[in-house]
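*Asks:*
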Amino acid sequence: MVRAVRDVVIVGGGTAGWLTAAIIAAKHKARIGHDFSVTLVESPNVPIIGVGEGTWPTLRSTLKSVGISETDFFRECDAAFKQGALFAKWTTGAEDDAYYHPLVLPQRFGQLNLAPHWLTGTLNEGGDNGETFCDAVCPQGRLCDENLAPKSMVNAEYEGQANYAYHLDAGKFAPFMQRHCTEKLGVRHVLADMRQVLQDEGGDIRAIATEQAGEISGDLFIDCTGMRSLLLGQTLGVGFKDCNDVLFCDTALAMQVPYPAPDAPVATHTISTAQSAGWIWDIGLPTRRGVGHVYSSRHISREEAEAELRAYVGPAAEGLAVRKIDIRSGHRELFWKNNCVAVGLAAGFLEPLEASAIVLIELSAKMIADQMPPVREVMDVVARRYNEKTLYRWGRIIDFLKLHYVLSQRRDTAFWRDNMDPASIPERLQELMALWQYQGPYMHEEFDRVDEVFPSASYQYVLYGMGFRTEVSARTLEPEVREARRARAENADVTARMLSGLPRHRDLIDRIVKYGLQPV
Numbered sequence: 001m002v003r004a005v006r007d008v009v010i011v012g013g014g015t016a017g018w019l020t021a022a023i024i025a026a027k028h029k030a031r032i033g034h035d036f037s038v039t040l041v042e043s044p045n046v047p048i049i050g051v052g053e054g055t056w057p058t059l060r061s062t063l064k065s066v067g068i069s070e071t072d073f074f075r076e077c078d079a080a081f082k083q084g085a086l087f088a089k090w091t092t093g094a095e096d097d098a099y100y101h102p103l104v105l106p107q108r109f110g111q112l113n114l115a116p117h118w119l120t121g122t123l124n125e126g127g128d129n130g131e132t133f134c135d136a137v138c139p140q141g142r143l144c145d146e147n148l149a150p151k152s153m154v155n156a157e158y159e160g161q162a163n164y165a166y167h168l169d170a171g172k173f174a175p176f177m178q179r180h181c182t183e184k185l186g187v188r189h190v191l192a193d194m195r196q197v198l199q200d201e202g203g204d205i206r207a208i209a210t211e212q213a214g215e216i217s218g219d220l221f222i223d224c225t226g227m228r229s230l231l232l233g234q235t236l237g238v239g240f241k242d243c244n245d246v247l248f249c250d251t252a253l254a255m256q257v258p259y260p261a262p263d264a265p266v267a268t269h270t271i272s273t274a275q276s277a278g279w280i281w282d283i284g285l286p287t288r289r290g291v292g293h294v295y296s297s298r299h300i301s302r303e304e305a306e307a308e309l310r311a312y313v314g315p316a317a318e319g320l321a322v323r324k325i326d327i328r329s330g331h332r333e334l335f336w337k338n339n340c341v342a343v344g345l346a347a348g349f350l351e352p353l354e355a356s357a358i359v360l361i362e363l364s365a366k367m368i369a370d371q372m373p374p375v376r377e378v379m380d381v382v383a384r385r386y387n388e389k390t391l392y393r394w395g396r397i398i399d400f401l402k403l404h405y406v407l408s409q410r411r412d413t414a415f416w417r418d419n420m421d422p423a424s425i426p427e428r429l430q431e432l433m434a435l436w437q438y439q440g441p442y443m444h445e446e447f448d449r450v451d452e453v454f455p456s457a458s459y460q461y462v463l464y465g466m467g468f469r470t471e472v473s474a475r476t477l478e479p480e481v482r483e484a485r486r487a488r489a490e491n492a493d494v495t496a497r498m499l500s501g502l503p504r505h506r507d508l509i510d511r512i513v514k515y516g517l518q519p520v
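Here UniProt numbering is used: the first residue of the sequence shown is 1, the next is one more, and so on.
1. Are the Cβ atoms of M466 and Y100 separated by less than 8 angstroms?
2. Quick one: grab the DSSP three-state call for L86.
3. Under the assumption that I68 contacts T39 (Cβ atoms under 8 angstroms), give the Cβ distance between them as a whole number of angstroms.
4. Using DSSP's beta-bridge definition, name the partner residues of residue 522.
5. Would you kindly report the start and end of the unbroken beta strand (DSSP E) that includes residue 557?
6. Give the range of the beta strand (DSSP E) segment to which T251 is assigned.
7. Quick check: what's the CA-CA separation for E42 versus D193?
8. Report, in whole angstroms, the separation of the C-beta atoms of T15 and G344, which I expect to be a contact under 8 angstroms.
9. On the three-state DSSP scale, how would you describe L231?
10. In this structure, does DSSP put L168 in helix, strand or coil?
11. In whole angstroms, what is the alpha-carbon distance linking G13 and F74?
12. Comparing alpha-carbon positions, which option in D380, V453, E431 lies nearest R396?
13. When you compare each of E215, G239, G141, L353 to D250 by their alpha carbons, which one comes out closest?
14. Might you give, ordered along the chain, the residues of its own chain that have their beta carbon closer than 7 angstroms to the beta carbon of G203, omitting 5 neighbours on each side?
15. According to the neighbour-count rule (16 or more other Cβ atoms, all chains shown, within 10 Å of its Cβ), is K324 buried or exposed?
16. According to DSSP, simplified to helix, strand and coil, what is W56?
17. DSSP puts P102 in a beta bridge; with which residues?
18. Can you check DSSP and say which residues form a bridge with T210?
19. Quick one: using the 10 Å Cβ neighbour count with 16 as the cut-off for buried, is Y438 buried or exposed?
20. How would you call E211, buried or exposed, if buried means at least 16 neighbouring beta carbons within 10 angstroms?
21. Taking L220 as part of the alpha helix (DSSP H), name the residues at either end of that continuous run.
22. On the CB-based measure, 16 or more other CB atoms within 10 Å of its CB, does E445 come out buried or exposed?
23. Taking the C-alpha atoms as reference points, what is the distance between R504 and T62?
24. Leaving out the 5 sequence neighbours to the left and right, which residues in its chain are closer than 8 angstroms to A136 when beta-carbon positions are compared?
25. Using DSSP with H/G/I as helix, E/B as strand and the rest coil, what is D493?
26. Alpha carbon to alpha carbon, how far is Q196 from F447? Give it in angstroms, no decimals.
27. Thinking A149 and T268 are a contact (beta carbons under 8 angstroms), I'd like their distance in whole angstroms, please.
28. Looking at C-beta atoms only, is the number of pairs between the segment 177 to 190 and the segment 278 to 290 that lie closer than 8 angstroms three or more?
29. Can you give me the start and stop residues for the beta strand (DSSP E) that E42 sits inside?
30. Considering H404, what are the terminal residues of the alpha helix (DSSP H) in which it resides?
31. May I have the straight-line CA-CA distance separating R511 from C77, to the nearest angstrom?
32. List the endpoints of the continuous alpha helix (DSSP H) containing F133.
33. Roughly how many angstroms lie between the CA atoms of Q371 and S364, to the nearest whole one?
34. Excluding the 5 residues flanking F400 on each side, which residues of the same chain have their C-beta closer than 6 angstroms to its C-beta?
35. Rounded to whole angstroms, what's the CA-CA distance from E318 to M255? Just pull it up for me.
36. Comparing alpha-carbon positions, which option in D507, V494, Q518 lies nearest G141?
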């Protein structure tokens, strides 16, 4: 007998649970109440782990697709705009050592690769003028320097003059998503503590037994129970693949830092500042900064790490509490087994250097929603495809995070020296590093997969921001020089226009909260 997949049960709330619920319920909204249901079960006694969160531009399309107003999102989630990340002291450790990884593609990126022209100094008629790669090919670094927003009040919700993501308060985002899911998308919300996972004779999860709500049965279970992974890990026995041999940071110390004044500037980018055995994130929200030190406990003690964090924050850190967060870098060996799939921390976690946590939730939930198996009999096929794609994505994120450490010229501590050990560098990344000495990343075969997480432009910004050099023959570029210089001039014009026309970041946030953006 064919078993239809009608009832989806998400176990666990937080950002992972509610974002997944929203994406699945919105995709299948016409069926909810008829032949399909989404139920989210969460304990009333488990706190949310979230700290100040950075996101990717994908969240714009996700929020729009599930029917959320961008104005409401800003008003209720203490949100700010994010236009990329500034990496300070990663290359040499000097005070002036910094570069941007922006969220916009280089000028004319699909038609013309400006990186070789910048490397050879042919972008300008007068030769190399000392301009950074980011400033030469896009306006966003300058917008961040000047603390300007990526849009103005004339732009409708989710539209912008420059590409953008968000910074948000995760503690406010989950309840916001909960209200939207239950009030607008038909998601059933059950507050109950899980007591037992019940399986059928074939190993599938049949139901969960709860203290307050009895048994809750389902056809597909989504494990959002955090690092404990109560369903996929503990019940179905799926192992965990550590990657601490590649990414050494295993602890974070987080604090909330007040602004010196209500009208203090809000940074429009994440600031990541390298330390002796890790790095410090600095995320600006309208009401406060979220600041935290991600470090390797093998290379520095908690007391030393906290001292570095307080030194970074300065006098404002006096009296502020520090929250310790353990990081187990890695992911499940499988993400979908039988009728259970893990999303969020239940699937794994990596240090938040490139804000990959929420985008992995989005990508996972969208794939589940898009490929929702209509019957149990084809679920294993969907699961195999899901596992292959998800494993690839995790691997590429690990490569990209490690790239930041491998490119560093710092040798001042054992942490930075150990990161250069070839045994800690994934084989694929080693191969790409060898290739990039002679052929820089562009739209080549290694970036042609539709499920590639980071585009080749991201690799260019990091490589050339950190002083990597690809050998290029200026002679081979001669046929393109004229067009490359035009593209460079176009970027200069766009940059000037944006610098003169865009509002200050805090000013725009204040106006959005007070007046609201034009609805789409």
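Don't be surprised by glycine CBs; every beta carbon is placed ideally from N, CA and C.
All values derive from a computational prediction rather than experimental measurement.
*Replies:* According to the structure data:
1. no
2. strand
3. That belief does not hold up - the Cβ atoms of I68 and T39 are roughly 21 angstroms apart, past 8 angstroms.
4. Residue 522 lies beyond the residue range present for the chain, which begins at 1 and ends at 520; the question has no answer from this structure.
5. Within the shown structure, residues of the chain are numbered from 1 to 520, placing residue 557 beyond reach of any answer.
6. 251 to 258
7. 7 angstroms
8. 7 angstroms
9. helix
10. strand
11. 21 angstroms
12. V453
13. L353
14. N338
15. exposed
16. coil
17. G84
18. M194, G214
19. exposed
20. exposed
21. Looking at the DSSP string, L220 is not in any alpha helix (DSSP H); the run it does join, the beta strand (DSSP E), is 220 to 223.
22. Confidence at E445 is low in this model, with a pLDDT of 49, below 50, so its placement is unreliable and the value that follows should be read with caution. Exposed.
23. 26 angstroms
24. L114, W118, L123, R488, N491
25. helix
26. Its pLDDT being 48, under 50, F447 is placed unreliably by the model, and nothing is read from it.
27. 6 angstroms
28. no
29. 37 to 42
30. 379 to 406
31. 15 angstroms
32. 133 to 137
33. 11 angstroms
34. F454
35. 11 angstroms
36. V494
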